[in-house]
Amino acid sequence: MHSRLLWLAGGCAVLLTACATTSHEDRVRAETHRQLGEIQLARHEVELAIREYRNALELYQKDPETHFGVSEAYRRKGVFDLAEHHLQQTLRLDPANVDARLNLGVVYLQMERWQDAIRVNSTLIKDPTFYRPGRALVNRGWAHYKSGNAELAQRDYSEALKQGGARVYAHMNLGILYYSRGETVDAVNEFERVVELLQGRQPEMFGAREAEARFRLAQAHVKLGHHEKAIEHLKVAEERGGKGQWGRKSGEYLAVLR
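Numbering (this note's numbering), first residue to last: 15 to 272.
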């Protein structure tokens with residue numbers, strides 16, 4: 015019996031050695047699939063990226079970069095439950111990955127899980143190693159705002175402006191907050207700051223954000239009785255926004271005002 019157990023142990027050792035060799039080969043192949051997924055995601059070929067990331071995970075499931083990459087692909091597809099799952103896997107494998115935690119907070123915002131978003135972003139804000147506290151403050155502020163706590167939201171946005179690094183988002187969200195409270199002049203000031211910050215930037219990257227700010231400016235100017243200013247902003251918004259959501263909405267609103 016004893017010799018039989020020794021033989022089994024020896025046999026297992028041989029098998030484990032073979033598995034380790036195969037595991038190394040699989041990890042190399044998995045890395046290739048992951049890199050292909052990254053390329054396709056950068057090209058906005060989301061479906062192809064998901065396929066490559068899945069192939070990578072079939073070969074090696076313990077790579078946090080693969081989980082992080084596929085989570086972003088799923089987020090862009092709107093498959094938020096899988097995005098959440100893979101971000102949690104990323105953090106399990108790499109607890110210090112602040113980018114994964116930031117993205118998890120964004121996913122919770124998109125899922126309208128406001129308390130989870132507040133919790134995750136609060137963790138980031140307290141983390142001395144996190145290099146973008148302004149972004150986490152803006153995200154937490156939005157969660158507070160959507161939860162009905164405008165006071166805490168305003169506090170977070172103001173702190174984000176002090177921290178820097180997320181000024182466009184902080185000014186935009188402050189404008190939305192002021193407009194919702196009927197503080198239209200203050201809202202105009204915030205939206206104008208967004209336009210100032212984005213003016214001259216590439217429309218491919220910043221056009222949608224500028225179009226949104228100008229659309230909201232137009233709404234505020236109409237409320238104040240400044241129809242000509244509203245039309246002026248909508249014309250630029252339609253051009254800068256192109257075929258995107260805010261470009262289309264600006265064109266439709268412009269047709270109504272004319």
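We put the beta carbon where it would ideally sit given N, CA and C, even for glycine.
Report all residues from its chain with a CB closer than 7 Å to the CB of residue i; omit the five preceding and five following residues, and keep chain order.
i: arginine 181; result: Leu175 and Leu211
i: methionine 125; result: Phe94
i: threonine 36; result: In this prediction, threonine 36 has a pLDDT of 44, which is less than 50 and means its spatial position is unreliable; what the coordinates show is noted afterwards. Taken in chain order, the list of residues that qualify is empty.
i: asparagine 153; result: Gly119, Val120, Leu123, Ala131 and Asn135
i: glycine 265; result: Glu252
i: lysine 243; result: His235
Among the residues of its own chain, which have a CB less than 6 Å from the CB of residue i, if the five just before and after it don't count?
i: arginine 254; result: Pro217, Gly221, Glu224 and Ala225
i: isoleucine 245; result: Leu271
i: glutamine 103; result: His81
i: valine 60; result: Ala87, Arg90 and Lys91
i: arginine 228; result: His247, Val250 and Ala251
i: isoleucine 53; result: none
i: histidine 185; result: Glu204, Arg207 and Val208
Apart from the five residues just before and just after residue i, which ones in its own chain have a Cβ nearer than 8 Å to its Cβ?
i: leucine 73; result: Asp40, Arg41, Arg43, Ala44 and His47
i: glutamine 168; result: Gly155, Leu188 and Leu191
i: threonine 137; result: Arg115
i: tyrosine 67; result: His47, Arg48, Gly51, Thr80, Gly83, Val84 and Ala87
i: aspartate 113; result: Phe82
Where residue i and residue j are concerned, what is the direct C-alpha to C-alpha distance, given to the nearest angstrom?
i: tyrosine 192; j: lysine 76; result: 46 Å
i: glycine 92; j: threonine 198; result: 33 Å
i: serine 194; j: tyrosine 267; result: 19 Å
i: leucine 105; j: glutamine 177; result: 26 Å
i: glutamate 79; j: threonine 143; result: 19 Å
i: alanine 131; j: leucine 123; result: 6 Å
i: lysine 257; j: methionine 219; result: 14 Å
i: glycine 51; j: glutamate 252; result: 34 Å
i: serine 85; j: glycine 239; result: 46 Å
i: tryptophan 260; j: leucine 231; result: 12 Å
i: arginine 65; j: proline 109; result: 26 Å
i: aspartate 141; j: histidine 241; result: 46 Å
i: asparagine 111; j: alanine 269; result: 47 Å
i: arginine 149; j: lysine 263; result: 27 Å
Can you tell which of the options has the C-alpha that lies nearest to the C-alpha of residue i?
i: leucine 151; options: Tyr145, Tyr171 and Asp141; result: Tyr171
i: histidine 38; options: Ala70, Met186, Gly148 and Glu252; result: Ala70
i: tyrosine 183; options: Ala232, Arg146 and His81; result: Arg146
i: glutamate 173; options: Arg133, Lys237, Ile139 and Ser85; result: Ile139
i: glutamine 129; options: Ala157, Gly148 and Asp141; result: Ala157
i: alanine 234; options: Val202, Ala269 and Lys263; result: Val202
i: lysine 237; options: Gly265, Arg262 and Gly196; result: Gly196
Under 7 Å: does the beta carbon of residue i sit that close to some heavy atom of the ligand SAM?
i: aspartate 108; result: This structure simply doesn't include the ligand SAM, nor any ligand for that matter.
### Message
Under 8 Å, with one C-beta from each stretch per pair, do the segment 197-211 and the segment 159-168 reach the 3-pair mark?
### Response
no
### Message
Across the segment 84-99 and the segment 118-127, are there enough close Cβ pairs to call them in contact, namely three or more that are closer than 8 Å?
### Response
Contact holds: three or more Cβ-Cβ distances are below 8 Å.
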